[in-house]
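One structure is given here, and the rest of the page talks about it.
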Amino acid sequence: MNSQVFATGPTGTREIAQRLRTHALRMTSAGGGAHIGAVFSCADILAVLYGGILHVDPAAPKSPMRDRFVLSKGHAGAGLYAALAERGFFPAGQLLTHYRNGSELSGHVSHKVPGVDVSTGSLGHGLSMASGMAYAAILKSSRHRVFCLLSDGECDEGSTWEAAMFAAHHGLSNLVAIIDYNRIQGIAPVGDVLELEPFADKWAAFGWAVREVDGHDHRALHTAFGSVPFAPGKPSCLIAHTTKGKGVSFMENTVLWHYRIPRGAEFDAALAELEAQP
Amino acid sequence: MRDAFIRTLTELAPQHPEVMLLSGDLGFAVLDGYIDRFPRQFLNVGIAEQNMSGLAAGMALEGRTVFTYSIGGFPTLRCLEQIRNDICYHGANVKIVCVGGGMSYGPVGFSHHATEDLAILRSLPGMQVFSPCDLWEAAEAARHLVLHRGPAYLRLDKSAAPATVRPGEAFRPGRIRTVREGSDVTLAATGGILGEAILAADILADQGVFCRVLSVHTVKPLDSGTLTAAASETGGIVSIEEHAADGGLGGAIAEVLMEAGVFPRFLVRLALRNTFSSVVGSQQYLRQVYSLDAAAVVRTVFAKLDIAVPALA
């Protein structure tokens, strides 16, 4: 299986991350889609995963041996589509159909798009589906892994914790949950809505092997993903400390850019910032 | 019906290693025979129906035929969005099994009654909906679901209508079984309450009113041919179900007939009318309270045919 389609390693994936951000900026601007802040927040995570960690092959998108990826925070669909296009699952030219009439690139991620394993959009669903996939993999002694990217906000959902208990109870060491912990949810900071701290302790108390990482540090992300499972016989939880809107100064750490659509001067300014970055 | 379902699953599990049964911590003792023989094809996922449904979808996407199992509204309403998004939208091969269909768990209380499930589940794209009326139908529906690919709902009643299967009869999913011929009135029932329809047909026959009795074990897809025939060949239709009138069997029949342009002389829906089953009592008692029993069917038929109600023994 060809899992090394393009340059990997921290340097290569940093470039990929910037391209994902630029794609997502254009996609959300042209299509009128929102959630740009949530995409930027996890662009580095997606770049590292699709830049070499995930064993996936655009030539065999349904290969039974592939690693599975569940984007539980389905509102960051633009980011996943961009990562898949960059990885060669479909031409990058299709990205600009995002949100458009007749497109398959729905705002919340769709499994009708090549390379996408499951559709999500309603929060708190992904970890259960990922757990079912991981359990089934163990039943058939398959060595592939299941990665699931969650938002911090969806840890408000009780169903996330139902799945967390299940995965730990059954020792799903082939399951990796990554939390995009940018501390801003739909309309307010996480800490003002429902405090998640002590967050790492919660996952550990539920029976997961937990690590924390700077979610924009590619070297640290590589190291973390390269060492899953973090403990034998346990599912792995990687809490990625991130900045919502990362990469564009005026989008960073603001609730506004969860929903706001980048257009006009804001679009130009954002694009200039992204293109100025190495 | 529950036992007929488990028996069938136990019989088929060896040839179908892809079958997985997930229970939401229900089925004490009754599942033991299955669990003992096929421990790798069973999982008690705990009292967590949302997770159970999401897990089922995930496993199904990996090639399993997954049955989720719980009581009343737990495997359906509690996790409806997981059924809609995770199971149906992906066309995942998951069968949702409800034990205690309708008011089976009478005195346990309304929380354990499933009286809106048919309406809600049948509205989901790609979902087949089975509500067997007797033990043979329950077993055959279970057999069908092991082989069928895609989402389905199986509603199992505690009560069961008397056996009407004919020697050599094959179960045909999506096809209504005519269990009694007649042309005065059609009685169409789903679930164990078909027994009330058959009893009513017997009482009415004694009075010279001959009913066609339909066993509607598949609510979706609904057998429009048999229903349009009943609408045109008999004097009217009475639907009988332990379910809300809104969107239930009677509503589904009305949809099919209206769209086909075949209008029965009357259609009466015997069902729960904008009410919860909140009275305490056995399933049989509740049928009487909510005018769903054989006596209610008889009263309805006499009223519609404008026949004075005789004093019945």
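If you read the sequences in order, they're chains A and B. According to this note's numbering, numbering within the first sequence proceeds without interruption in unit steps and concludes at 267. According to this note's numbering, numbering within the second sequence proceeds without interruption in unit steps and concludes at 332. For each residue, glycine too, the CB sits at the ideal point set by N, CA and C. As the structure is a computational prediction, the values presented were derived from the model and not from experiment.
query	result
Chain A residues whose Cβ lies nearer than 8 angstroms to that of Glu81(B)	Gly121, Met122, Ala125, Ala126, Lys129
Neighbour flag for Ala76(B) against chain A, beta carbons, 8 angstroms	yes
Gly215(A) to Leu28(B) span [Cα, whole Å]	42 angstroms
Exposure label - Asp190(A); buried when at least 16 CB within 10 Å	exposed
Cβ separation of Glu260(B) and Ile212(B), assumed to be a contact under 8 angstroms, to the nearest whole Å	6 angstroms
8 angstroms Cβ cutoff met for Leu218(B) and Ala313(B)	yes
Of the residues Ser225(A), Asp181(A), Val182(A), Pro221(A), the one placed nearest Arg200(A), counting alpha carbons only	Ser225(A)
Terminal residues of the alpha helix (DSSP H) in which Ser256(A) lies	A small correction: the amino acid at residue 256(A) is Phe; Ser does not occupy that position in the sequence shown. Its alpha helix (DSSP H) spans residues 253 to 265.
For Phe190(B) and Val184(B), the rounded distance between their alpha carbons	9 angstroms
Rounded separation between Thr212(A) and Lys239(B) - CA only	52 angstroms
Nearest-angstrom Cα separation, counted from Met277(B) out to Arg292(B)	21 angstroms
Outcome for Pro251(A) when other beta-carbon atoms lying within 10 angstroms are tallied against a minimum of 16	buried
Expected contact under 8 angstroms - CB spacing of Ala341(B) and Leu173(B) to nearest Å	Shown here, chain B extends from 20 to 332; a query on residue 341(B) therefore has no answer.
Contact under 8 angstroms by Cβ, Ile139(B) with Val118(B)	no
Span of the alpha helix (DSSP H) around Val37(A)	25 to 37
Under the three-state DSSP convention, the category Arg168(B) falls into	coil
Proximal chain B residues relative to His114(A), where beta-carbon distance stays under 7 angstroms	Gly73, Gln101, Asn104, Asp105
Listed by chain order, chain A residues near Gln69(B) by CB distance under 9 angstroms	Gly113, His114, Ser117, Glu146, Gly147, Ser148, Glu151, Ala152
Any chain A beta carbon closer than 8 angstroms to Tyr108(B)	yes
Residue interval of the alpha helix (DSSP H) (run including Lys323(B))	313 to 324
Rounded straight-line distance, which links the Cα of Pro187(A) to that of Tyr108(B)	35 angstroms
Supposed close pair Leu73(A), Val102(A) - CB separation, criterion 8 angstroms	7 angstroms
Sub-8 angstroms separation of Tyr88(B) and Ser42(B) beta-carbons	yes
Where His159(A) falls: helix, strand or coil (DSSP)	coil
Inter-stretch contact (C-beta, 8 angstroms, three-pair minimum) for the stretch 67 to 77 of chain B and the stretch 64 to 79 of chain A	no
Amino acids of chain B, ordered along the chain, whose beta-carbon sits closer than 8 angstroms to that of Ser108(A)	Asn104, Tyr108, His109
Closer than 9 angstroms at the beta carbon, the chain A residues around Arg59(B)	Leu128
Cys137(A) CB to nearest heavy atom of the ligand NAP below 7 angstroms	In the structure on display, the ligand NAP does not appear, and there are no ligands present to speak of.
CB contact flag (His97(A), Thr109(A), <8 angstroms)	yes
Cutoff 8 angstroms: His100(A) Cβ touching any chain B Cβ	yes
Short Cβ contact (8 angstroms threshold) for Ser117(A) with Ala65(A)	no
Contact belief for Leu14(A) with Ile25(A) at Cβ below 8 angstroms, rounded distance in angstroms	7 angstroms
In DSSP terms, what Thr87(B) is bridged to	Leu41(B), Ile115(B)
Which residues DSSP lists as bridging Asp346(B), in chain order	This structure cannot settle anything about residue 346(B), because the visible part of chain B is limited to 20 through 332.
Distance between Val49(B) and Arg21(B) (C-alpha atoms, nearest Å)	8 angstroms
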